[in-house]
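>
There are 4 protein chains.
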Amino acid sequence: MSGPGPAAPEAGDGRRGRPRSAAADTAIVEAVLRLIEEGASIGDLSMEGIARAAGVGKATVYRRWSGKNALLLDVIRSLDDDLPPARGVSVRDDLVAMLEHLRHRGLVKRHSAVFRTVLTHVQAQPDVWREYHDTVIRARREAMHAVLRRGIDRGEIRDDREIDVLADLFVGPMLARALLDERKALPEGLAEQIVDTVLEGVRPRP
Amino acid sequence: MSGPGPAAPEAGDGRRGRPRSAAADTAIVEAVLRLIEEGASIGDLSMEGIARAAGVGKATVYRRWSGKNALLLDVIRSLDDDLPPARGVSVRDDLVAMLEHLRHRGLVKRHSAVFRTVLTHVQAQPDVWREYHDTVIRARREAMHAVLRRGIDRGEIRDDREIDVLADLFVGPMLARALLDERKALPEGLAEQIVDTVLEGVRPRP
Amino acid sequence: MSGPGPAAPEAGDGRRGRPRSAAADTAIVEAVLRLIEEGASIGDLSMEGIARAAGVGKATVYRRWSGKNALLLDVIRSLDDDLPPARGVSVRDDLVAMLEHLRHRGLVKRHSAVFRTVLTHVQAQPDVWREYHDTVIRARREAMHAVLRRGIDRGEIRDDREIDVLADLFVGPMLARALLDERKALPEGLAEQIVDTVLEGVRPRP
Amino acid sequence: MSGPGPAAPEAGDGRRGRPRSAAADTAIVEAVLRLIEEGASIGDLSMEGIARAAGVGKATVYRRWSGKNALLLDVIRSLDDDLPPARGVSVRDDLVAMLEHLRHRGLVKRHSAVFRTVLTHVQAQPDVWREYHDTVIRARREAMHAVLRRGIDRGEIRDDREIDVLADLFVGPMLARALLDERKALPEGLAEQIVDTVLEGVRPRP
DNA sequence: TTATAACCGAGACGGTACGTCATGTCTTCTC
DNA sequence: GAGAAGACATGACGTACCGTCTCGGTTATAA
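Residue numbers (UniProt numbering), protein chains in the order written: chain D, 1 to 206; chain V, 1 to 206; chain Y, 1 to 206; chain P, 1 to 206.
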């Protein structure tokens, strides 16, 4: 995968003309992040304003991204590349690591603000949402599936449930907290709590 | 609480002049629903277009709602009044009923489209989102808490977990499916599957 | 003829809605005149700038005129309505009056600057130029023809030349001075000089 | 004066480096002429488009001319060098030859289109217009003055009028036709008709 | 022969203006 | 006084062109 970033300039031939300024790339993405962190709600994010904040001409933005959606999609993808959680010793540890990663994303201001803003914006555009879904979400889901399958193979996870449902049992609660609650609703130890409770069930243990 | 609907006209005194047309109220809300069902993405929803589709002047809309957010918030609330799930015989049945209600909302076109659209729109506006959170979400969450507390009292639910976490264990998975997956990801029997698996845990049963 | 002014609002029926602000009409046209008098060359005249100078939204301008050409065409027409020269006692007096009128237009700063600027702009757009030609120029030409025909009937003007050519013999010299020379090239007495010389011919009189 | 053509490259010293491509010079000027003949109105003439049509980089144009005005001014000057009318046997013949030259310029598509386009464009820029005036127009005017002075010396032209006025009496009518009328308004024999009528006057001859 | 320097086409750069559209407010007429 | 209509100032939309700049390359003269 090529990683996040602006669309390549048609990479046709011998690359003629003045090359695109990497500084402009950075300035634009940073401007978006800065604006969001400064509390810009989604409606406040205009291409006009982004270009202004980046000290860049509008055309320079449109040369790289086809519109606001494509830009925001890249911004959120840029935050996604950080740390794919490594493989731990037990399935329980892997699950905790994955949820802990999600939790941290929800806590770091830059991540949580950007995620909420961009998620809500992008979700409203079916095609852009599909693009996001097919890259970011799918990759994340497959990582989760791999962990679960390993657990099933090892006998640590029951094998009579669809793997999709199992995955959502772990991811869903963290998502609900992050989306529907305040940021303070993501306390230390939440990942472990979710993982352990889902593993053991909520019926009282004898 | 006054329930969903347009803001009262300042109900100051003897209510003089031509009374507000109830037909206009209906026409406006119906126009929003129709537009969304016809596939309007969120960006297509403009006050201009809503008034036009309702055959109503813009001022008539603004007289009732302070802006697009307030209008949409009322629209989503109007869909929420339908069927508060009744109390079943066991806690498990109550939980299934609540999730089944959520699942249906995700399946019915009007509900799912409106919910996604409006949620998306409203969430981006902090104050409006808070309003939505403090009425709709809180009420729903408290219903869930009541069910869970009953289960704890009866000994059907373990009592060593925070009730908020427990609630999200049930609601989260359904929300994740509804938000992140296709509509087809909400098959018959999903509510039971989630409830039973969370109750029993995902560890293999002996 | 309806006279200069912004396009009527489709004058369909009972004229509903808020009527257009006459103040805006005035402000826009005055802003154009002011900008030109302040030395704006043609390239400096932008709809953006005109609206700004008039303290008016762009849409308010576009609601009245379809574009810059239509607006400038109206501006120039507004300057044209001044004083259709009255009928004098002799043909020679009529001709002098007409040329004197042209000469004054070239001298008054507002007129000359606007005329040059707008004429220049309008002439470059074939369709707009045609419109200008078919209204302003044609009317002026026909007035001149009427004068000349009266002269021919009276025996004061030779009848062996096309009337178009005769007209241009009088108008052309003044136009050449106004267009090709400095403003100082339109001295007092020029109209008389042209008319008399053309009438008598440039051959030495015996 | 060195005649029309792009600005010399600062002619400093021993002229090092790759010399400018004469082909580019030609291509640019030809591109302008072609675009105008193809019906480009003045607004359609952009440096961007000119460079594109000439198959040349924008910098190559700007290296030769300081801007659009300077380029167009050179284009029109390039059309002006053609055929200075020769000296005939009588003053009347000289005048006819000069006006016939003007008439032809108005008839040939390339000339008339370019002239109108460039004149209108250049006239709006005071300094560029002055440049045009001081070279092209002045030269032409002085040729006319020379003819007229010869006529005065010979006794063929009256000597009680300013020579400027006399010149405009001949040039003005042709200019008026060319600028204000259709191209068809420049019929064969028009030059003779103007010259003879101005010479003899428009009063009926006894 | 090898620098050196100005040229070349291409195209990115920060700007400005285009003409359209939506915002929320206001103004007028009709019911 | 409510309602429909629509004008109002504001400001973002995405495109085009401005004049400058920067790239990889070419083509001359000067060392």
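Note that beta-carbon positions come from the ideal geometry of N, C-alpha and C, so glycine has one too.
Note that the structure is predicted; figures quoted are calculated from it, not measured.
Let's see if you can read the secondary structure: which residues bound the alpha helix (DSSP H) around Y:Leu-95?
Residue 95 of chain Y sits at position 95 when you count from the first residue of the third sequence. 91 to 107 is the span of the alpha helix (DSSP H), which, as asked, contains Y:Leu-95.
> From the beta carbon of D:Thr-60, is the nearest beta carbon of chain V less than 8 Å away?
For the purposes of this step, residue 60 of chain D is taken as the residue at position 60 of the first sequence. So, not an interface residue.
> Just the C-alpha distance for D:Asp-160 and D:Asp-127, rounded to the nearest angstrom, thanks.
Counted from its first residue, the first sequence places residue 160 of chain D at position 160. Counted from its first residue, the first sequence places residue 127 of chain D at position 127. Going by the C-alpha atoms only, they are around 34 Å apart.
> What does P:Thr-135 reach in chain Y if we use C-beta pairs closer than 9 Å?
Counted from its first residue, the fourth sequence places residue 135 of chain P at position 135. Here the premise fails: no neighbours, minimum Cβ distance about 13 Å.
> Taking only the alpha-carbon atoms, compute the straight-line gap between V:Leu-107 and V:Leu-186 and give it to the nearest angstrom.
The residue you call residue 107 of chain V lines up with position 107 of the second sequence. The residue you call residue 186 of chain V lines up with position 186 of the second sequence. Roughly 7 Å separates the two Cα atoms.
> Is D:Glu-37 helix, strand or coil when you go by DSSP?
Taking the first residue of the first sequence as 1, we reach residue 37 of chain D at position 37. It is helical.
> Take Y:Met-174 as the anchor and find which of Y:Leu-102, Y:Leu-95 and Y:Met-47 has the nearest alpha-carbon.
On the third sequence, position 174 is the one that residue 174 of chain Y refers to. Measuring from the Cα of Y:Met-174, the nearest candidate turns out to be Y:Leu-102.
> Please state if the CB of P:Val-61 and the CB of P:Ile-36 are separated by a distance shorter than 8 Å.
For the purposes of this step, residue 36 of chain P is taken as the residue at position 36 of the fourth sequence. For the purposes of this step, residue 61 of chain P is taken as the residue at position 61 of the fourth sequence. Not closer than 8 Å, so no.
> Does D:Leu-186 have its Cβ less than 8 Å from a Cβ in chain V?
Your numbering for residue 186 of chain D matches position 186 in the first sequence. No, its Cβ sits nowhere closer than 8 Å to a Cβ of chain V.
> Report whether the distance from the Cβ of V:Leu-179 to the nearest heavy atom of the ligand HEM is below 7 Å.
In the structure shown, the ligand HEM is absent, as is every other ligand, since no ligand is present at all.
> So P:Gly-155 and Y:Pro-6 are in contact, right, with Cβ under 8 Å, and what is the actual spacing, rounded?
The residue given as residue 155 of chain P occupies position 155 in the fourth sequence. The residue given as residue 6 of chain Y occupies position 6 in the third sequence. The pair is not a contact, with the Cβ atoms about 59 Å apart (cut-off 8 Å).
> Using CA atoms only, rank isn't needed, just tell me which of V:Leu-190, V:Gly-67, V:Ala-124 and V:Ala-97 is closest to D:Thr-117.
To locate residue 117 of chain D, count along the first sequence from 1; it is residue 117. Of the candidates V:Leu-190, V:Gly-67, V:Ala-124 and V:Ala-97, the one whose C-alpha sits nearest the C-alpha of D:Thr-117 is V:Ala-124.
> Please name the residue in Y:Val-32, Y:His-145, Y:Arg-20 and Y:Asp-80 whose C-alpha comes closest to that of Y:Thr-135.
Numbered from its first residue, the third sequence carries residue 135 of chain Y at position 135. Among Y:Val-32, Y:His-145, Y:Arg-20 and Y:Asp-80, the Cα nearest to that of Y:Thr-135 belongs to Y:Asp-80.
> Report yes if the CB atom of P:Val-198 is closer than 8 Å to the CB atom of Y:Arg-158, and no otherwise.
Taking the first residue of the fourth sequence as position 1, residue 198 of chain P is located at position 198. Taking the first residue of the third sequence as position 1, residue 158 of chain Y is located at position 158. In this structure, Y:Arg-158 does not lie closer than 8 Å to P:Val-198 by Cβ.
> Taking the alpha-carbon of Y:Met-98 as reference, which of Y:Ser-112, Y:Val-147 and Y:Asn-69 has the nearest alpha-carbon?
Indexing the third sequence from 1 puts residue 98 of chain Y at position 98. The shortest C-alpha separation from Y:Met-98 is found at Y:Val-147.
> Under 8 Å, Cβ to Cβ, is there at least one residue of chain Y near residue 221 of chain P?
Here chain P has residues from 1 to 206 only, and residue 221 of chain P is not among them.
> Under the three-state reduction of DSSP, which class applies to D:Leu-79: helix, strand or coil?
Taking the first sequence and counting its residues from 1, one reaches residue 79 of chain D at position 79. If DSSP states are grouped into helix, strand and coil, D:Leu-79 belongs with coil.
> Beta-carbon of Y:Ala-176 versus every beta-carbon of chain P: anything under 8 Å?
Within the third sequence, residue 176 of chain Y is the residue found at index 176, counting from 1. Yes, Y:Ala-176 lies at the interface with chain P (some Cβ there is under 8 Å from its Cβ).
> Interface residues of chain Y around P:Glu-200 at Cβ under 8 Å?
On the fourth sequence, residue 200 of chain P is found 200 positions in, with the first residue counted as 1. Simply Gly-201 and Arg-203.
> Could you pull the start and end residues of the alpha helix (DSSP H) that D:Gly-49 belongs to?
Taking the first sequence and counting its residues from 1, one reaches residue 49 of chain D at position 49. Taken as a continuous stretch (DSSP letters only), the alpha helix (DSSP H) holding D:Gly-49 covers 47 to 54.
> Who are the neighbours of V:Ile-157 on chain D, taking C-beta pairs under 8 Å?
As a position in the second sequence, residue 157 of chain V is number 157, starting the count at 1. Ordered by position in chain D, the residues that pass the 8 Å Cβ test against V:Ile-157 are Val-202, Arg-203 and Pro-204.
> Can you list, in chain order, the residues of its chain whose CB lies under 7 Å from that of P:Met-47, leaving out five sequence neighbours each side?
By one-based count along the fourth sequence, residue 47 of chain P stands at place 47. So the qualifying residues of the chain are Lys-58, Val-61 and Lys-68.
> Give, in chain order, every residue of the region 137 to 153 of chain D whose Cβ lies closer than 7 Å to some Cβ of chain V.
The region 137 to 153 of chain D vs chain V, Cβ under 7 Å: Ile-137.
> Would DSSP call residue 211 of chain D helix, strand or coil?
Residue 211 of chain D is absent from the model: chain D starts at 1 and stops at 206.
> Output yes if chain V places a C-beta closer than 8 Å to the C-beta of D:Gly-49; else output no.
Looking up residue 49 of chain D in the first sequence gives position 49. No, no contact with chain V.
> Does the distance from the C-beta atom of Y:Glu-96 to that of Y:Glu-200 stay below 8 Å?
The residue given as residue 96 of chain Y occupies position 96 in the third sequence. The residue given as residue 200 of chain Y occupies position 200 in the third sequence. As written in the sequence, residue 96 of chain Y is Val, which differs from the Glu given in the question. Cβ distance not < 8 Å, so Y:Val-96 and Y:Glu-200 don't count as in contact.
> Determine, for V:Met-1, whether the minimum Cβ-Cβ distance to residues of chain D falls below 8 Å.
Locating residue 1 of chain V in the second sequence gives position 1, where the first residue counts as 1. Low confidence applies here, because V:Met-1 scores a pLDDT of 39, under 50, leaving its location unreliable; read the following figure in that light. Answer no: the Cβ-Cβ gap between V:Met-1 and chain D never drops below 8 Å.
> Closer than 7 Å by C-beta to D:Val-114: which residues in its own chain qualify, once you throw out the five before and the five after it? Chain order, please.
Sequence index remark: in the first sequence, residue 114 of chain D carries index 114 (1-based). These residues qualify, in order along the chain: Leu-33, Ile-36, Val-75, Ile-76 and Leu-79.
> Thinking V:Val-195 and V:Arg-92 are a contact (beta carbons under 8 Å), I'd like their distance in whole angstroms, please.
What you label residue 195 of chain V is simply residue 195 of the second sequence in a count that begins at 1. What you label residue 92 of chain V is simply residue 92 of the second sequence in a count that begins at 1. At roughly 6 Å, the Cβ-Cβ gap stays under 8 Å, so V:Val-195 and V:Arg-92 are in contact.
> Answer yes or no: does any C-beta atom of chain D fall closer than 8 Å to that of V:Val-114?
Position 114 of the second sequence, counting from 1, holds the residue named residue 114 of chain V. No, V:Val-114 lies away from the interface with chain D (no Cβ there is under 8 Å from its Cβ).
> Starting from the N-terminal side, write out each stretch of the alpha helix (DSSP H) that is 4 residues or longer and does not extend beyond the region 134 to 204 of chain V.
Within the region 134 to 204 of chain V, the complete alpha helix (DSSP H) runs of at least 4 residues are 138 to 154, 163 to 180 and 190 to 200.
> Please list the terminal residues of the continuous alpha helix (DSSP H) segment that includes P:Ala-59.
Taking the first residue of the fourth sequence as 1, we reach residue 59 of chain P at position 59. 58 to 64 is the extent of the alpha helix (DSSP H) around P:Ala-59.
> What residues from chain P crowd round Y:Val-171, counting only those whose CB sits closer than 7 Å?
Working through the third sequence from its first residue, we reach residue 171 of chain Y at position 171. Chain P residues near Y:Val-171: Ala-176.
> Around the C-beta of D:Ile-152, are 16 or more other C-beta atoms found within 10 angstroms, so that it is buried, or is it exposed?
Counted from its first residue, the first sequence places residue 152 of chain D at position 152. Buried: at least 16 other Cβ atoms inside 10 Å.
> From Y:Leu-71 to Y:Ala-23, what does the alpha carbon distance come to, in whole angstroms?
Counting from 1 along the third sequence, the entry for residue 71 of chain Y is found at position 71. Counting from 1 along the third sequence, the entry for residue 23 of chain Y is found at position 23. Going from the Cα of Y:Leu-71 to the Cα of Y:Ala-23 covers about 16 Å.
> Any idea what DSSP makes of Y:Ala-27, helix, strand or coil?
Translated into the one-based positions of the third sequence, residue 27 of chain Y becomes position 27. Three-state result, Y:Ala-27: helix.
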